[in-house]
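Participant:
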Amino acid sequence: MNLVDDPSAAIQKILGPYIRPREEVAQIRRILALHLDSCLKEASVTAPLALVESSEVKLSTARGLHREYLEALSANRKARDQHDAYCQDANRPGHEPASSSIAPAPGHNQLQAHLETLSLHKRQEKLQVIEKHLGQLRQKPAAAQDFLDPNEIFKHSRSLPEIPNEIVNAISLDQTASSTQLEELLDQLEKHVLQAKMILKREEQLLEQVKSRSSARAENISGSAKFEALNTTRNELISWIETELGKASGEGPSEDDQRGQHNRGLADQTRRMDEQLASIKWKYAKYLEARKALLQLASQQATPDIKPPPANPKLQAAPTVPPPAAPFTHLLSPYLKELLALAREQKGLITQKPHLNTAISKQLKENCQGLDHLAEESQLIPRHPMPGASRRKQTFGDTVSGSEGLDPLSRVKPWVFAADSAKISTLEAVAEKIEEGQIALESSMRTIGEIDQLLGRKPPPPDGLEQAGQALKDDIWLTEGQPAGKAAMLRKHADRKGSVTRPSEDVWDMLDGKLGLLRADDDQI
Numbered sequence: 001m002n003l004v005d006d007p008s009a010a011i012q013k014i015l016g017p018y019i020r021p022r023e024e025v026a027q028i029r030r031i032l033a034l035h036l037d038s039c040l041k042e043a044s045v046t047a048p049l050a051l052v053e054s055s056e057v058k059l060s061t062a063r064g065l066h067r068e069y070l071e072a073l074s075a076n077r078k079a080r081d082q083h084d085a086y087c088q089d090a091n092r093p094g095h096e097p098a099s100s101s102i103a104p105a106p107g108h109n110q111l112q113a114h115l116e117t118l119s120l121h122k123r124q125e126k127l128q129v130i131e132k133h134l135g136q137l138r139q140k141p142a143a144a145q146d147f148l149d150p151n152e153i154f155k156h157s158r159s160l161p162e163i164p165n166e167i168v169n170a171i172s173l174d175q176t177a178s179s180t181q182l183e184e185l186l187d188q189l190e191k192h193v194l195q196a197k198m199i200l201k202r203e204e205q206l207l208e209q210v211k212s213r214s215s216a217r218a219e220n221i222s223g224s225a226k227f228e229a230l231n232t233t234r235n236e237l238i239s240w241i242e243t244e245l246g247k248a249s250g251e252g253p254s255e256d257d258q259r260g261q262h263n264r265g266l267a268d269q270t271r272r273m274d275e276q277l278a279s280i281k282w283k284y285a286k287y288l289e290a291r292k293a294l295l296q297l298a299s300q301q302a303t304p305d306i307k308p309p310p311a312n313p314k315l316q317a318a319p320t321v322p323p324p325a326a327p328f329t330h331l332l333s334p335y336l337k338e339l340l341a342l343a344r345e346q347k348g349l350i351t352q353k354p355h356l357n358t359a360i361s362k363q364l365k366e367n368c369q370g371l372d373h374l375a376e377e378s379q380l381i382p383r384h385p386m387p388g389a390s391r392r393k394q395t396f397g398d399t400v401s402g403s404e405g406l407d408p409l410s411r412v413k414p415w416v417f418a419a420d421s422a423k424i425s426t427l428e429a430v431a432e433k434i435e436e437g438q439i440a441l442e443s444s445m446r447t448i449g450e451i452d453q454l455l456g457r458k459p460p461p462p463d464g465l466e467q468a469g470q471a472l473k474d475d476i477w478l479t480e481g482q483p484a485g486k487a488a489m490l491r492k493h494a495d496r497k498g499s500v501t502r503p504s505e506d507v508w509d510m511l512d513g514k515l516g517l518l519r520a521d522d523d524q525i
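Per full-length UniProt numbering, the sequence shown runs over residues 1 to 525.
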């Protein structure tokens, strides 16, 4: 469709640069309003920006951003004028297009009629659907007028049971009870109590008189007399019980008496319940007041109590009402915070305690199982059993009942005792072996000494004279710092010590060593 055939498209193309979306227009208006407010400072823009004057604005004096704003304002005004003119021309009854080249399309009226027909068809379909569903709703049971009628609802239901007469009478008695009746009941109760006390005192006096008059003692009464007295008492008691049972079976209490007793019991019960409820309500009210006061004290901050001096000392001298106590909330607030922190910490510890107990018991169970398994496979514990501890296998009943418990100490004690016993036995065996070795070493040394004596070997010097002499000879540092004469004397003393003769210790030392010289002398002769 060309622009010539469709005048609305031509108008839209002309107005395209000036038409903006609603959000963008609102954003531009906000920006302009903020800019104007910043320029006007104290003044405010009361009129909307769209309602500007239609007069011409001279742009010769404007500069910068102000000039751009005025240009945009004039362009907006021109576009609005053109739009108004086009609207007036379109709404005019005998309107004809300005240019002869633009002519209405031949099928324009048919298209409009077709669109209207489609919209009417859609509306008809919607109405038909609504009518259909309304008809379905009218057919439902809930559409009936007597659907929510209580008489129809509870028509086939069972009737409620009647209230018993006892409850009605008890309620009426409770409602009609007055303070005068309560006072009368209290007076009667006090009278009965006094009568019971007087009767008790009288019986005690009679008992004392009978005891004082009776000359026979319990120690002097024989067994036959006691037996006869007990038998007589038993017979009298049996006869009294039989007479009372006969009276009870012959003359039973009337229904009115039973009903009255029942009503009195119900009245007493309701009165006690009311008293208990009243006490509970009073305690709960006191609890709420204390809680509110505590929360108020915790929420208040510590404020110093500064009071202005009294204007008239005479009025202060004679106060009619005692002055209120100084607030002590600022003294309690730090302690309350600490108490709350301690309460939270204690709560955390309480919640953590079961977890720790569970973990510890689980670890103890695992350790005990491991110790039992090692004890079954160990060869050390059977060799060195602990005295007084009879080990037996744990049965399924002991495991289920948990009679032995998780006691790792009782499982570790056999290991400690076995280790100590093994250590002691090992030390004893080592000591025995060492003693045997020492005995063998002494015997071998004795044998070696005898062999050396037979072979004529000289044992090492007992006093270590040779080592001392050699040490004196070799010690150049000892003779280096001494004079020549003294050093010579030291060397001679060492030689003298080395040449000391030792006594003969074997059989060969008895022989003279100069036998060869005697033979040589004989040859010379």
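Idealized CB from N, CA, C, for every residue including glycine.
Please read these numbers as outputs of a predicted model, since none were measured by experiment.
Check whether the segment 377–388 and the segment 412–422 are in contact - that is, three or more C-beta pairs closer than 8 angstroms.
Facilitator: As far as the Cβ criterion goes, the segment 377–388 touches the segment 412–422, which means the pair count is three or higher.
Participant: Considering only the beta carbon of each residue, do leucine 15 and alanine 79 sit closer than 8 angstroms?
Facilitator: Position 15 of the sequence shown holds residue 15. Position 79 of the sequence shown holds residue 79. Yes, they are a contact pair.
Participant: Please report the distance separating the alpha-carbon of glycine 265 from that of leucine 207.
Facilitator: Mapped onto the sequence shown, residue 265 falls at position 265. Mapped onto the sequence shown, residue 207 falls at position 207. Each residue's alpha carbon lies about 37 angstroms from the other.
Participant: In this structure, does DSSP put methionine 386 in helix, strand or coil?
Facilitator: By one-based count along the sequence shown, residue 386 stands at place 386. DSSP places methionine 386 in coil when its eight states are reduced to three.
Participant: If you draw a straight line from the C-alpha of phenylalanine 227 to the C-alpha of threonine 233, how long is it?
Facilitator: Along the sequence shown, read from residue 1 onward, the residue named residue 227 stands at position 227. Along the sequence shown, read from residue 1 onward, the residue named residue 233 stands at position 233. For phenylalanine 227 and threonine 233, the distance between alpha carbons rounds to 10 angstroms.
Participant: Can you grab the Cα-Cα spacing for the pair phenylalanine 147 / phenylalanine 154, in whole Å?
Facilitator: For this step, residue 147 is matched to residue 147 along the sequence shown. For this step, residue 154 is matched to residue 154 along the sequence shown. About 11 angstroms.
Participant: With DSSP run on the structure shown, which of helix, strand or coil describes proline 323?
Facilitator: The residue you call residue 323 lines up with position 323 of the sequence shown. Summary for proline 323: the model assigns pLDDT 49, below 50, so the residue's position carries little reliability; its value from the coordinates is reported in the next sentence. Here proline 323 sits in coil by DSSP.
Participant: In terms of residues, what are the limits of the alpha helix (DSSP H) holding aspartate 84?
Facilitator: As a position in the sequence shown, residue 84 is number 84, starting the count at 1. 65–91 is the extent of the alpha helix (DSSP H) around aspartate 84.
Participant: Apply the 10 Å Cβ neighbour rule to asparagine 263 and answer buried if 16 or more other Cβ atoms are within range, or exposed otherwise.
Facilitator: Locating residue 263 in the sequence shown gives position 263, counting from the first residue. With 16 or more other Cβ atoms within 10 Å, it is buried.
Participant: Run through DSSP, which three-state label would residue 530 get?
Facilitator: Any answer about residue 530 is impossible in this case: the structure gives the chain only from 1 up to 525.
Participant: What three-state label does DSSP hand phenylalanine 227 in the structure shown?
Facilitator: What you label residue 227 is simply residue 227 of the sequence shown in a count that begins at 1. Of the three classes helix, strand and coil, the one that applies to phenylalanine 227 here is helix, per DSSP.
Participant: Assuming the contact rule is C-beta atoms closer than 8 angstroms, alanine 422 and histidine 373 should be a hit. Round their C-beta distance to whole Å, please.
Facilitator: As a first step, residue 422 is located in the sequence shown; it is residue number 422 there, counting from the start. As a first step, residue 373 is located in the sequence shown; it is residue number 373 there, counting from the start. With 8 angstroms as the limit, alanine 422 and histidine 373 do not qualify as a contact, their Cβ atoms being about 20 angstroms apart.
Participant: Give the single residue among Thr358, Thr351, Leu120 and Arg411 whose Cα lies nearest to the Cα of leucine 371.
Facilitator: Your numbering for residue 371 matches position 371 in the sequence shown. Checked all of Thr358, Thr351, Leu120 and Arg411; the closest Cα to leucine 371 is Arg411.
Participant: Give the straight-line distance between the Cα atoms of glycine 223 and alanine 229, rounded to the nearest whole angstrom.
Facilitator: Within the sequence shown, the letter at position 223 stands for residue 223. Within the sequence shown, the letter at position 229 stands for residue 229. One C-alpha to the other measures close to 10 angstroms.
Participant: So glutamate 162 is in the alpha helix (DSSP H); what residue range does that whole segment cover?
Facilitator: Taking the first residue of the sequence shown as position 1, residue 162 is located at position 162. Looking at the DSSP string, glutamate 162 is not in any alpha helix (DSSP H), and its letter there is neither H nor E.
Participant: Measure the beta-carbon distance from leucine 336 to leucine 288 and round it to whole angstroms, keeping in mind my assumption that it falls under 8 angstroms.
Facilitator: The sequence position of residue 336 within the sequence shown is 336, counting from 1. The sequence position of residue 288 within the sequence shown is 288, counting from 1. About 19 angstroms; that fails the 8 angstroms criterion.
Participant: Roughly how many angstroms separate the alpha carbons of isoleucine 130 and glutamine 88, rounded to a whole number?
Facilitator: The residue you call residue 130 lines up with position 130 of the sequence shown. The residue you call residue 88 lines up with position 88 of the sequence shown. Roughly 42 angstroms between the two C-alpha positions.
Participant: Can you give the beta carbon distance from asparagine 367 to proline 408, rounded, assuming they're within the 8 angstroms contact cut?
Facilitator: If you number the sequence shown from 1, residue 367 lands on position 367. If you number the sequence shown from 1, residue 408 lands on position 408. Between proline 408 and asparagine 367 the Cβ distance is about 6 angstroms, and since that is below 8 angstroms, they are a contact.
Participant: Hey, alanine 143 and leucine 137 are a contact pair by Cβ (cut 8 angstroms); roughly how many whole angstroms apart?
Facilitator: Looking up residue 143 in the sequence shown gives position 143. Looking up residue 137 in the sequence shown gives position 137. Going by Cβ atoms, the distance from alanine 143 to leucine 137 rounds to 6 angstroms, so yes, they are a contact pair.
Participant: Tell me where the alpha helix (DSSP H) around serine 421 begins and ends.
Facilitator: Along the sequence shown, one-based indexing puts residue 421 at 421. Run containing serine 421: 408–455, per the alpha helix (DSSP H) assignment.
Participant: For a test of the three-state rule: what should DSSP assign to alanine 144, helix, strand or coil?
Facilitator: Taking the sequence shown and counting its residues from 1, one reaches residue 144 at position 144. In this structure, alanine 144 counts as coil in the three-state DSSP scheme.
Participant: Secondary structure at isoleucine 19, three-state DSSP: helix, strand or coil?
Facilitator: By one-based count along the sequence shown, residue 19 stands at place 19. Coil at isoleucine 19, not helix or strand.
Participant: Report the option in Gln363, Leu294 and Ala359 whose CA atom is closest to the CA atom of leucine 340.
Facilitator: As a first step, residue 340 must be located in the sequence shown, where it is residue number 340. Closest by alpha carbon: Leu294.
Participant: Going by CA-CA distance only, name the one from Leu185, Arg202 and Glu338 that's closest to aspartate 268.
Facilitator: In the sequence shown, counting from the first residue as 1, residue 268 sits at position 268. Measuring from the Cα of aspartate 268, the nearest candidate turns out to be Leu185.
Participant: Quick one: what does DSSP say serine 378 is sitting in, helix, strand or coil?
Facilitator: Sequence index remark: in the sequence shown, residue 378 carries index 378 (1-based). Three-state result, serine 378: coil.
Participant: Give the DSSP-derived three-state secondary structure of threonine 358 in the structure shown.
Facilitator: Numbered from 1 along the sequence shown, position 358 holds the residue referred to as residue 358. Reduced to three states, the DSSP call for threonine 358 is helix.
Participant: Which value, in whole angstroms, describes the spacing of the CA atoms of glutamate 338 and arginine 344?
Facilitator: Counting from one through the sequence shown, the residue named residue 338 turns up at place 338. Counting from one through the sequence shown, the residue named residue 344 turns up at place 344. Answer to the nearest angstrom: the Cα atoms are 10 angstroms apart.
Participant: CA-CA distance, glutamate 203 and leucine 194?
Facilitator: As a first step, residue 203 must be located in the sequence shown, where it is residue number 203. As a first step, residue 194 must be located in the sequence shown, where it is residue number 194. Glutamate 203 and leucine 194: Cα-Cα distance of roughly 14 angstroms.
Participant: Once DSSP output is grouped into helix, strand and coil, what is the label at asparagine 155?
Facilitator: What you label residue 155 is simply residue 155 of the sequence shown in a count that begins at 1. Note that residue 155 corresponds to lysine in the displayed sequence, not to asparagine. Correct three-state label for lysine 155: coil.
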